[in-house]
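**Student:** Residue 103 is where the sequence shown starts when you use the working numbering, and the numbers rise one by one after that. Cβ atoms here follow ideal geometry from the backbone N, Cα and C, with glycine treated the same way.
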Amino acid sequence: MNLLIKNVYLDGVETDIYVEGKYIKQIGKDLVVTADRVIDGTKKAVVPGFVNAHTHAAMTLFRGYGDDMPLMPWLEQKIWPNEAKMNREDVYWGAKLACLEMIKSGTTSFFDMYHKFRATADAVEEMGIRAVVSGVCFDHFEPEQAEKCKAHNLKLYSDMDVYGDRIKYAIGPHAIYTVSGELLRWIDQFSAERNVLIHLHLAETEEEVTNSVKQFGLTPVRYLYKLGILSPRLVIAHGIYVDKDEIRMLADHGVKVVHNPASNMKLASGIHFQFKEMKEAGIAVGLGTDGCSSSNNLDMIEAMKLASLLGKAWRKDPEALTAAEMLDAATEQGASILGIKAGRVKERYLADLNLIDLRIPAFTPNFNFVSNLVYAANGSCVDTVICNGKVLMENKKVPGEDEIMEQTARIAYNLMSR
103 MNLLIKNVYL
113 DGVETDIYVE
123 GKYIKQIGKD
133 LVVTADRVID
143 GTKKAVVPGF
153 VNAHTHAAMT
163 LFRGYGDDMP
173 LMPWLEQKIW
183 PNEAKMNRED
193 VYWGAKLACL
203 EMIKSGTTSF
213 FDMYHKFRAT
223 ADAVEEMGIR
233 AVVSGVCFDH
243 FEPEQAEKCK
253 AHNLKLYSDM
263 DVYGDRIKYA
273 IGPHAIYTVS
283 GELLRWIDQF
293 SAERNVLIHL
303 HLAETEEEVT
313 NSVKQFGLTP
323 VRYLYKLGIL
333 SPRLVIAHGI
343 YVDKDEIRML
353 ADHGVKVVHN
363 PASNMKLASG
373 IHFQFKEMKE
383 AGIAVGLGTD
393 GCSSSNNLDM
403 IEAMKLASLL
413 GKAWRKDPEA
423 LTAAEMLDAA
433 TEQGASILGI
443 KAGRVKERYL
453 ADLNLIDLRI
463 PAFTPNFNFV
473 SNLVYAANGS
483 CVDTVICNGK
493 VLMENKKVPG
503 EDEIMEQTAR
513 IAYNLMSR
């Protein structure tokens, strides 16, 4: 299908955008083309679809459950016991609700880590969004569990041809405190042989760093360096507790980092994320919401605002982490981390686009669109969402959204009563 967006604002200039198949074919005023569908972009602005570079989609089921707790008690008392009860249907509907929520707030791609890979992938396939879905690995330092993890991910990878090009596979070792060094080395080799990403939580809390030094004699980044698994294929979520030398290690090995400001603050994991230092070192830094159980929503516009304000506050520098830098982190940098040619409104890029409604108070007056988007608006400003050249939302409505919300609520209540 070919799509023409008429009279939309791009960088403050009214223009047309012609989409052919899944790519942006042409951008210019008064385009003369034949399109299967025309969208009126009057009084709307176009931005790239947002990239949520770290989340746990199906954890929408835990929204509002187990709030106001530290990370480890929260995991051990609230999350892990209930996750053990989850079946495929639970994960499928939780992920489907996450896809709906992301679409409605302008996210067109996300990097997921959760168990029951196929349930999430099936939800993504049906909802039309784009995702890199991680095959989760835990062995809890038990060799038998490590072998199960290896076999499971070998099977997941071999079965990926059943999915379309919007869904990519990654391998997701949970963290250094749940995955043995031996398994991490195997994962690195597995990743290198197949050129797939590794998705890992790292240096999220002070407790993690303290325990890493006790258990391995090294801080988390130095431990990974010793294991030999720092590489451009590695994407670490959080990365709060890293020093100057560790930032250089990450940069030298091409490691990517994802900042999750909402969950970092809500779990009181830490606030001193070194965005500026990482960016200056040449590290690609994206933004994520983390899961709904620790951030409570999947709104990437909120994530941009929180990342900016948090960085300004702890640095005591109002010029730090500008709105433009946050938009870049949530679009082009995130797309780069996921390895997709998106994140820019540019010819020959994937047609992953948001049309922003300018007829709302957040954009009145509109002296600076990017500033208003990041600091004044939220996900409800997104009117139309296009992913892979297909319209997923128009006039702020997604087909079937009421059924998805009703069914997922039933699933969540049932899960907690088991």
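Can you tell me the Cα-Cα spacing of residue 418 and residue 318, whole angstroms?
**Tutor:** One-based indexing of the sequence shown puts residue 418 at position 316. One-based indexing of the sequence shown puts residue 318 at position 216. Near 35 angstroms, if we compare the C-alpha coordinates of residue 318 and residue 418.
**Student:** Given a cut-off of 9 angstroms on the beta-carbon distance, is the pair residue 364 and residue 396 in contact?
**Tutor:** The sequence position of residue 364 within the sequence shown is 262, counting from 1. The sequence position of residue 396 within the sequence shown is 294, counting from 1. In contact: residue 364 and residue 396 (Cβ atoms closer than 9 angstroms).
**Student:** Apart from the five residues just before and just after residue 231, which ones in its own chain have a Cβ nearer than 8 angstroms to its Cβ?
**Tutor:** Numbered from 1 along the sequence shown, position 129 holds the residue referred to as residue 231. So the qualifying residues of the chain are 201, 204, 205, 209, 210, 211, 212, 268, 489, 494.
**Student:** Between the beta-carbon of residue 349 and the beta-carbon of residue 304, is there less than 9 angstroms?
**Tutor:** As a first step, residue 349 must be located in the sequence shown, where it is residue number 247. As a first step, residue 304 must be located in the sequence shown, where it is residue number 202. No, these two residues do not count as a Cβ contact at 9 angstroms.
**Student:** With a cut-off of 8 angstroms, do at least 3 Cβ pairs link the segment 130-146 to the segment 163-181?
**Tutor:** With the cut-off at 8 angstroms, the segment 130-146 and the segment 163-181 do not touch.
**Student:** Grouping DSSP H, G and I as helix and E and B as strand, with all else coil, what is residue 366?
**Tutor:** For the purposes of this step, residue 366 is taken as the residue at position 264 of the sequence shown. Residue 366 falls in the helix class under three-state DSSP.
**Student:** If you pair each beta-carbon of the segment 369-376 with each one of the segment 421-433, do three or more pairs fall below 8 angstroms?
**Tutor:** Counting Cβ pairs under 8 angstroms, fewer than three are found: no touch.
**Student:** By the three-class DSSP mapping on this structure, what secondary structure does residue 376 have?
**Tutor:** Along the sequence shown, one-based indexing puts residue 376 at 274. In the structure shown, residue 376 sits in coil (DSSP, three-state: anything other than H, G, I, E or B).
**Student:** Under the three-state reduction of DSSP, which class applies to residue 213: helix, strand or coil?
**Tutor:** Counted from its first residue, the sequence shown places residue 213 at position 111. If DSSP states are grouped into helix, strand and coil, residue 213 belongs with the strands.
**Student:** Excluding five sequence neighbours on each side, which residues of the same chain lie with their C-beta closer than 7 angstroms to the C-beta of residue 227?
**Tutor:** As a first step, residue 227 must be located in the sequence shown, where it is residue number 125. Around residue 227: 265, 266, 269.
**Student:** Beta-carbon within less than 7 angstroms of residue 236's beta-carbon, same chain only, minus the 5 sequence neighbours each way: which residues are those?
**Tutor:** The residue given as residue 236 occupies position 134 in the sequence shown. The residues are 214, 215, 272, 273, 274, 301.
**Student:** What does the alpha-carbon distance come out to for the pair residue 224 and residue 469?
**Tutor:** Sequence index remark: in the sequence shown, residue 224 carries index 122 (1-based). Sequence index remark: in the sequence shown, residue 469 carries index 367 (1-based). Answer to the nearest angstrom: the Cα atoms are 42 angstroms apart.
**Student:** Does the separation of the CB atoms of residue 361 and residue 426 fall below 9 angstroms?
**Tutor:** Taking the sequence shown and counting its residues from 1, one reaches residue 361 at position 259. Taking the sequence shown and counting its residues from 1, one reaches residue 426 at position 324. No, the Cβ-Cβ distance between residue 361 and residue 426 is not below 9 angstroms.
**Student:** With burial defined as no fewer than 16 other Cβ atoms inside 10 Å of the residue's Cβ, what is the status of residue 207: buried or exposed?
**Tutor:** Counted from its first residue, the sequence shown places residue 207 at position 105. Label assigned to residue 207: buried.
**Student:** So the beta strand (DSSP E) residue 489 belongs to, where does it begin and stop?
**Tutor:** Walking along the sequence shown from the start, residue 489 turns up at place 387. Unbroken beta strand (DSSP E) run through residue 489: 484-489.
**Student:** Using 9 angstroms as the threshold, is the C-beta distance between residue 161 and residue 198 below it?
**Tutor:** Numbered from 1 along the sequence shown, position 59 holds the residue referred to as residue 161. Numbered from 1 along the sequence shown, position 96 holds the residue referred to as residue 198. In this structure, residue 198 does not lie closer than 9 angstroms to residue 161 by Cβ.
**Student:** Looking only at DSSP bridge pairs, what is residue 389 linked to?
**Tutor:** Looking up residue 389 in the sequence shown gives position 287. For residue 389, which the question treats as bridged, DSSP gives the partners 361.
**Student:** Find the nearest neighbour of residue 344 within the set 329, 324, 355, judged by alpha-carbon distance.
**Tutor:** Translated into the one-based positions of the sequence shown, residue 344 becomes position 242. Ranking the options by Cα distance to residue 344, first place goes to 324.
**Student:** Residue ranges of each beta strand (DSSP E) run of no fewer than 3 residues wholly in the segment 216-244, ordered along the chain?
**Tutor:** Complete beta strand (DSSP E) runs here, min 3: 232-239.
**Student:** Taking the alpha-carbon of residue 471 as reference, which of 326, 148, 133 has the nearest alpha-carbon?
**Tutor:** One-based indexing of the sequence shown puts residue 471 at position 369. Measuring from the Cα of residue 471, the nearest candidate turns out to be 148.
**Student:** If contacts are defined as beta-carbon pairs under 8 angstroms, then residue 151 and residue 456 qualify, I think. What distance do you get, rounded to the angstrom?
**Tutor:** For the purposes of this step, residue 151 is taken as residue 49 along the sequence shown, with counting starting at 1. For the purposes of this step, residue 456 is taken as residue 354 along the sequence shown, with counting starting at 1. Confirmed, about 6 angstroms.
**Student:** Considering residue 413, what are the terminal residues of the alpha helix (DSSP H) in which it resides?
**Tutor:** Here residue 413 corresponds to residue number 311 of the sequence shown, with the count starting at 1. Element bounds for residue 413: 402-417.
**Student:** In chain order, what residues of the same chain have a beta carbon less than 6 angstroms from the beta carbon of residue 356, not counting five sequence neighbours either side?
**Tutor:** Numbered from 1 along the sequence shown, position 254 holds the residue referred to as residue 356. Excluding residues within five positions, the ones whose Cβ falls inside 6 angstroms are 334.
**Student:** Tell me the DSSP secondary structure of residue 254 in three-state form.
**Tutor:** The residue given as residue 254 occupies position 152 in the sequence shown. Correct three-state label for residue 254: helix.
**Student:** Alpha carbon to alpha carbon, how far is residue 290 from residue 331?
**Tutor:** On the sequence shown, residue 290 is found 188 positions in, with the first residue counted as 1. On the sequence shown, residue 331 is found 229 positions in, with the first residue counted as 1. Each residue's alpha carbon lies about 6 angstroms from the other.
**Student:** Since residue 404 and residue 491 should fall inside the 8 angstroms C-beta cutoff, what is the C-beta to C-beta distance between them, to a whole number of angstroms?
**Tutor:** Along the sequence shown, one-based indexing puts residue 404 at 302. Along the sequence shown, one-based indexing puts residue 491 at 389. That belief does not hold up - the Cβ atoms of residue 404 and residue 491 are roughly 27 angstroms apart, past 8 angstroms.
**Student:** Would a C-beta distance cut-off of 9 angstroms place residue 464 and residue 121 closer than the cut-off?
**Tutor:** For this step, residue 464 is matched to residue 362 along the sequence shown. For this step, residue 121 is matched to residue 19 along the sequence shown. No; because the gap between Cβ atoms is not below 9 angstroms, this pair is not in contact.
**Student:** Taking Cβ to Cβ, would you say residue 166 is nearer than 9 angstroms to residue 179?
**Tutor:** Taking the first residue of the sequence shown as position 1, residue 166 is located at position 64. Taking the first residue of the sequence shown as position 1, residue 179 is located at position 77. No. Outside cutoff.
**Student:** Buried or exposed for residue 256, please, with buried defined as at least 16 other CB atoms from any protein chain shown within 10 angstroms of its CB.
**Tutor:** Translated into positions along the sequence shown, residue 256 becomes position 154. When all chains shown are included, residue 256 counts as exposed.
**Student:** With a threshold of 8 angstroms (Cβ to nearest heavy atom), would residue 162 be considered close to the ligand NAP?
**Tutor:** With respect to small molecules bound, the structure shown includes none, and the ligand NAP cannot be examined in it.
**Student:** Residue range of the beta strand (DSSP E) that residue 152 falls in?
**Tutor:** Taking the first residue of the sequence shown as 1, we reach residue 152 at position 50. 152-157 is the extent of the beta strand (DSSP E) around residue 152.
**Student:** Work out the CA separation of residue 136 and residue 340 for me, nearest whole Å.
**Tutor:** For the purposes of this step, residue 340 is identified with residue 238 of the sequence shown, where counting begins at 1. For the purposes of this step, residue 136 is identified with residue 34 of the sequence shown, where counting begins at 1. Using only the alpha carbons, I get a separation of about 46 angstroms.
**Student:** Three or more C-beta pairs under 8 angstroms: does that hold for the segment 432-444 against the segment 382-393?
**Tutor:** They touch, by the three-pair rule.
**Student:** Please classify residue 508: is it buried, with 16 or more other beta-carbons within 10 angstroms of its beta-carbon, or exposed?
**Tutor:** In the sequence shown, the residue the question calls residue 508 occupies position 406. When all chains shown are included, residue 508 counts as exposed.
**Student:** Return helix, strand or coil for residue 109, following the three-state DSSP convention.
**Tutor:** Taking the first residue of the sequence shown as 1, we reach residue 109 at position 7. The answer is strand: DSSP assigns residue 109 an E or B state.
**Student:** Identify whether residue 122 lies in helix, strand or coil by the three-state DSSP scheme.
**Tutor:** As a first step, residue 122 must be located in the sequence shown, where it is residue number 20. In the structure shown, residue 122 sits in a strand (DSSP, three-state: E or B).
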